[in-house]
Each structure stands twice: as C-alpha cells, then as structure tokens.
Amino acid sequence: MSTAPRRARLQVEEVNGVAVVNFTDKKILDEQVIQAIGDELFRLVDEQAYKKILLSFVNVEFLSSAALGKLITLNRKVTQSQGKLVLCAISKEYREVFAITKLDKLFTIKPDEQSAMDEF
Amino acid sequence: MTPDAERRHVTLPSDLAAAREFQSQLDAVLAASAFAEAELFSIRMAIEEAVVNAIKHGNQMDPARTVLVSYALTPTRFEIRISDQGEGFAPDDVPDPTDPDNLERPCGRGLFLMRHYMHEVEYIDGGRTVVMARNKATD
Chain A
-1 MSTAPRRARL
9 QVEEVNGVAV
19 VNFTDKKILD
29 EQVIQAIGDE
39 LFRLVDEQAY
49 KKILLSFVNV
59 EFLSSAALGK
69 LITLNRKVTQ
79 SQGKLVLCAI
89 SKEYREVFAI
99 TKLDKLFTIK
109 PDEQSAMDEF
Chain B
19 MTPDAERRHV
29 TLPSDLAAAR
39 EFQSQLDAVL
49 AASAFAEAEL
59 FSIRMAIEEA
69 VVNAIKHGNQ
79 MDPARTVLVS
89 YALTPTRFEI
99 RISDQGEGFA
109 PDDVPDPTDP
119 DNLERPCGRG
129 LFLMRHYMHE
139 VEYIDGGRTV
149 VMARNKATD
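For the record, the sequence lines run as chains A and B. Using the numbering used here, you'd call the opening residue of the first sequence number -1 and step up by one each time. Using the numbering used here, you'd call the opening residue of the second sequence number 19 and step up by one each time.
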C-alpha cells in the first residue's frame, strides 16, 4: 500500500521569535496530507515551543473542511500554551468560507504577512 | 430534472484517493463549461464535502461499499447525485457548526458548506443519497 511521501509539508522561518509558516501543498484536501501538516504544526508547539505562529496561505488554492478542523485544533493547542496564532494571505474565496462558518470570530486573520506580524 | 440520457455515472470505491481523482476529472469537465470561476469554486467545494461525507461517514471507509455518483451539466445548470451504501442519517440532526457552542468542534461543517454553496440540496433514501444542483448565474 503506498503512503504519502515523507516530505516537509511546511516551510518554517523564524522572524523575531515568530514561526512564519508557508505550506508547500497548494491543495490541502487529502486526509493524509492534512494529518501530516497537522503533525508538523503541532511539533512547532510541542517540540519547538513556539508561542507565536503565523500561517501564510499565500500558496494554498484549496482547503477542505477537514483542514479547517485541523486549524481549529492547532488554535486550541496554541491558546492553551498561552501563545498566539495568526492566519494571513487567505484567498477571497476562503475568506468567505471562514466568514460563513463564523471561524473568522475564532481566528485572527490578516490580509498579508506584514500586517499579520504586527499582531505579535 | 435533466434527462437521464445526458447524465454521467461513476462508481467510486470507498477510498479518498479515488475521490480525489474523480474530483480532478470533474474539475476538468466543469472548467470547460460556461460557469464562472466563483461558481466553479462553489460546486467544487460542495462536491468535495459530499463525496468525502459519503465515503467517511456513509460508507465508514468500508472497502466493500461503493459510492454512486451521477451528474449532468448543461449550459445553465449542474446537478449531481451522490449515494452511499451506509445506514443513512438525519440531516436535521447535524448540529449547527456556527453555534458558539460548536464553533471549536473540528468537524461538522460539510453539510453546512454544501447548503451554502449549492442552490438545491436534498437528502433522500434515508440520508444515503444527496441531490444537489447549482444554476448558472444570469447576467
């Protein structure tokens, strides 16, 4: 049985103590991809002890509701560790998804990386 | 309702990779249609959620079960029917994911998104079949 190739799903750069995260996948739909992304994101909190995480969706074209679920779990984890999670560069179509699902009330969402960095 | 002669029929295994492949093929069909990009996004979003629901929740990922899909595309309307072989469910029992008490639940948004993005969403056959449709916007 083939498994998802083990490649990094995230590009992480530390900027002024903030883990600035870009996704390497354009489509975050597949369960295995979502799980792998989740594992890498959780490691930022659990193992690398980042308290400031910025997720940039500039490269992301598609997100499933399962991916949104993973973000919710990450947000809870970051919040429980007294950290902060900010999302940015979400496409217009997915900003609507966040709005209609009221997830824009749960997450801090900024239009671009610079304005997102100002949140920390 | 679009005549049966114009409908396409696909049988999917209860496998998310197969669902992904079907979605890609359907994307190509839709991309060649008269629907605008925003409308294609809506259709794509609803189908993704409905097919995954059929495989994960309906068929419980059981490899012995299949998902039957039939769809029809005209210049003004897209219809799709997705049937699983599961036990069925009551759509009205699905909690509102936008309720503050449910907002932090990691799942439960699929049906809500389907209803938002399609003009018609109807469950029949005890919840085993969903019929959805979207009409092309008129200028």
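Positions of the beta carbon are idealized from the N, C-alpha and C atoms, including for glycine.
Residues of its chain near residue i, where Cβ-Cβ distance is below 6 Å and the 5 sequence neighbours each way are ignored
i, result
"A/F105", "L85"
"B/V139", "M132, R133, M150"
"B/M136", "A64, M150, R152"
"A/L83", "I51, N73, V76"
"B/R26", "Y89"
"A/A114", "L52, V84, C86, K108"
"B/Y141", "P109, V148"
Pairwise C-alpha distance: residue j and residue i
i, j, result
"B/A36", "A/D116", "42 Å"
"B/D102", "A/L52", "39 Å"
"B/V112", "B/I65", "18 Å"
"B/A108", "A/Q80", "39 Å"
"A/T49", "A/N14", "It is worth fixing the name first, because residue 49 of chain A is Lys in this sequence and not Thr. Whole-angstrom Cα-Cα distance: 12 Å."
"B/T92", "A/E91", "24 Å"
"A/D28", "A/V10", "21 Å"
"A/A97", "A/N20", "22 Å"
"A/I70", "B/P124", "6 Å"
"B/V70", "A/V31", "15 Å"
"A/S54", "A/E111", "7 Å"
"B/A72", "B/Y89", "16 Å"
"A/G67", "B/N120", "12 Å"
"A/K103", "B/T116", "10 Å"
"A/T99", "A/S63", "10 Å"
"B/I98", "B/H75", "19 Å"
"B/E24", "A/I35", "40 Å"
"A/Q78", "A/F118", "17 Å"
"B/D114", "B/G126", "8 Å"
"B/S60", "B/G106", "25 Å"
"A/Q46", "A/Q33", "19 Å"
"B/R146", "B/Q43", "24 Å"
"B/L34", "B/P81", "11 Å"
"A/D44", "A/L101", "24 Å"
"B/E39", "A/T22", "20 Å"
"A/S89", "B/E55", "13 Å"
Sequence-distant residues of its chain with Cβ nearer than 7 Å to residue i (five each side left out)
i, result
"B/E67", "G128, L131, M132"
"B/A52", "P93, K154"
"B/M79", "S32, I73"
"B/T29", "T84, L86"
"A/V95", "none"
Whole-Å CB distance - residue i paired with residue j, under 8 Å assumed
i, j, result
"A/V76", "A/I26", "About 18 Å separates the two Cβ atoms, so there is no contact after all."
"B/S32", "B/V85", "7 Å"
"B/E122", "A/R74", "6 Å"
"A/E38", "A/R7", "5 Å"
"B/I100", "B/V148", "5 Å"
"B/L58", "B/A50", "Not a contact, Cβ separation roughly 11 Å."
"A/A17", "A/L42", "5 Å"
Beta-ladder partner(s) of residue i, from DSSP
i, result
"B/I142", "B/T147"
"B/T29", "B/L86"
"A/K108", "A/C86"
"A/I26", "A/L61"
"A/N20", "A/Q9, A/S54"
"B/N153", "B/R95"
Same chain, Cβ closer than 8 Å to residue i, neighbours up to 5 away in sequence not counted
i, result
"B/P118", "none"
"A/P109", "C86, A87"
"B/N77", "S32, R83, T84, V85, D102, Q103, G104"
"B/Q41", "R62, I65, E66, V69"
"A/K24", "N57, V58, E59, F60"
"B/D143", "S101, G106"
Closer than 6 Å: residue i CB and nearest the ligand MN heavy atom
i, result
"A/I98", "Annotation note on the ligand MN: not contained in the displayed structure, which lists no ligands."
Entirely enclosed alpha helix (DSSP H) segments - the stretch 54 to 131 of chain B, minimum 4 residues = 55 to 71
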